[in-house]
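Presented below is the structure to which this report refers.
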Amino acid sequence: MKTSDFYYDLPKELIAQSPLADRSASRLMHLSLKDGSVEHRHFTDILDYLKAGDCLVINDTKVIPARLYGHKEDTGAVIEILLLKRKEGDVWECLVKPGKKARPGAKILFGDGILKGEIIDVVEEGNRLIRFSYEGIFEEILDRLGEMPLPPYITKKLEDKNRYQTVYARHEGSAAAPTAGLHFTKELLEKVQEQGIRIAHVTLHVGLGTFRPVKVEDVTEHHMHSEFYVVEPEQAELINQTKKNGGRVISVGTTSCRTLESATGEDGILKAGSGWTDIFIYPGYRFKMIDGLITNFHLPESTLLMLVSALAGKENIMRAYEEAVKEKYRFFSFGDAMMIE
Numbered sequence: 145m146k147t148s149d150f151y152y153d154l155p156k157e158l159i160a161q162s163p164l165a166d167r168s169a170s171r172l173m174h175l176s177l178k179d180g181s182v183e184h185r186h187f188t189d190i191l192d193y194l195k196a197g198d199c200l201v202i203n204d205t206k207v208i209p210a211r212l213y214g215h216k217e218d219t220g221a222v223i224e225i226l227l228l229k230r231k232e233g234d235v236w237e238c239l240v241k242p243g244k245k246a247r248p249g250a251k252i253l254f255g256d257g258i259l260k261g262e263i264i265d266v267v268e269e270g271n272r273l274i275r276f277s278y279e280g281i282f283e284e285i286l287d288r289l290g291e292m293p294l295p296p297y298i299t300k301k302l303e304d305k306n307r308y309q310t311v312y313a314r315h316e317g318s319a320a321a322p323t324a325g326l327h328f329t330k331e332l333l334e335k336v337q338e339q340g341i342r343i344a345h346v347t348l349h350v351g352l353g354t355f356r357p358v359k360v361e362d363v364t365e366h367h368m369h370s371e372f373y374v375v376e377p378e379q380a381e382l383i384n385q386t387k388k389n390g391g392r393v394i395s396v397g398t399t400s401c402r403t404l405e406s407a408t409g410e411d412g413i414l415k416a417g418s419g420w421t422d423i424f425i426y427p428g429y430r431f432k433m434i435d436g437l438i439t440n441f442h443l444p445e446s447t448l449l450m451l452v453s454a455l456a457g458k459e460n461i462m463r464a465y466e467e468a469v470k471e472k473y474r475f476f477s478f479g480d481a482m483m484i485e
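Numbering (my numbering), first residue to last: 145 to 485.
What follows is the structure in structure tokens.
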């Protein structure tokens, strides 16, 4: 299986640069798992495809303003930092630009020195481990100094920080938003529950590995970056009960999907707990937990396009994407949605 098998041609103007005024006003493409047929709807029509007894699984991670600009203490050179994941205490793994100036021992000042960082090591992919020092609460300082780390294909400045958060974001730690959830409003989620559909939540802190291109031609040689997830006992119980009662588990986003598939055993039972996952789902994978997926439209040759192809079949997905281009759907993080069920 080649990476190039997952290429499609996308006109640049179809990449959504900003969110719609109304979260739930986006379009929805429905892709049937039964026959591969496609329907063009609006996101609020999601209610037509969910049934009483189903369980919608959302990822309640919260994006942190992970992009920081500072300068080296000795030379004053400008340094850009992207917080990827907390390793322990005040030590974070970071992406640093320019990397040449960021050697172990280098000290970086942010916001007139209210936050300081010292590079203590160089790790895989050339990322840096940085130990931060400050007075007060790290999250509050980050909120003052940091910027939302929008994906590289979004070049327009985001006016409202909250539009790159889901309405149910709770646990801080992501370097990117679980974007399938951006379409839901509180009102729409209430309607979902009124219809007899349960809502369960898991947490997966999204890393930048999400946007890393697949650089190998043989798909099976690609290595995923690990991301931290949590499945709480009562949520595992709710999801397992849904399956036991014959209901369907519908994942909101690829991050919820990867969490569920990582934490489900070969016996089909979801296990509560936390840990790191580097699960890579591509065609040939046998799904253990999810029955359906709500997702956005993904980049050509990306691991996420491979994941949806594993669920719906590569031919069906590539045909649906061709139609989405023809119908001028909006693509990627702030774009339209697809429901596969």
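Glycine included, C-beta positions come from ideal geometry on N, C-alpha and C.
Secondary structure of residue i, DSSP reduced to three states
i      : result
LYS244 : helix
ALA481 : strand
ALA344 : strand
LEU177 : coil
VAL374 : strand
PHE276 : strand
GLY257 : coil
ARG288 : helix
TYR213 : strand
GLY187 : It should be noted that the sequence gives Phe, not Gly, for residue 187. In this structure, PHE187 counts as helix in the three-state DSSP scheme.
VAL469 : helix
GLU361 : coil
ASP435 : coil
Unbroken alpha helix (DSSP H) run spanning residue i, endpoints
i      : result
ALA456 : 447-456
SER168 : Careful: SER168 lies outside any alpha helix (DSSP H) and carries neither H nor E.
GLU378 : 377-388
GLU334 : 330-338
LEU228 : Looking at the DSSP string, LEU228 is not in any alpha helix (DSSP H); the run it does join, the beta strand (DSSP E), is 222-232.
Rounded distance between the beta-carbons of residue j and residue i, thought under 8 Å
i      : j      : result
LEU404 : SER395 : 6 Å
ARG247 : ILE263 : 7 Å
LYS415 : ALA456 : Not really, about 26 Å apart at Cβ, beyond 8 Å.
THR399 : VAL350 : 6 Å
VAL375 : GLY417 : 6 Å
LYS216 : ALA250 : 6 Å
CYS238 : ASN271 : 6 Å
MET482 : THR447 : Their Cβ separation, rounded to whole angstroms, is 16 Å, which puts MET482 and THR447 out of contact at 8 Å.
Distance, residue j Cα to residue i Cα
i      : j      : result
VAL267 : ILE274 : 11 Å
LEU332 : ALA165 : 15 Å
ARG307 : ILE208 : 13 Å
GLY280 : ILE225 : 20 Å
MET450 : ASP256 : 44 Å
LYS241 : GLY479 : 28 Å
HIS367 : TRP420 : 14 Å
LYS156 : ALA454 : 26 Å
LEU175 : SER181 : 6 Å
GLY353 : LYS195 : 34 Å
LYS470 : ASP153 : 11 Å
Start and end residues, beta strand (DSSP E) containing residue i
i      : result
ASN271 : Premise fails: ASN271 is in no beta strand (DSSP E) and is neither H nor E.
PHE254 : 251-254
GLU316 : 315-318
Chain-order list of residues whose beta-carbon lies under 8 Å from that of residue i (same chain, five-residue window excluded)
i      : result
GLY412 : LYS387, LYS432 and MET433
Heavy atom of the ligand HEM within 7 Å of residue i beta-carbon
i      : result
THR219 : No copy of the ligand HEM occurs in the structure displayed, which carries no ligand at all.
Own chain partners of residue i with C-beta closer than 7 Å, once the 5 adjacent residues on each side are dropped
i      : result
TYR297 : ILE159 and PHE476
ILE108 : It is not possible to answer for residue 108, since the shown part of the chain is limited to 145 through 485.
THR329 : ARG167, SER168 and VAL311
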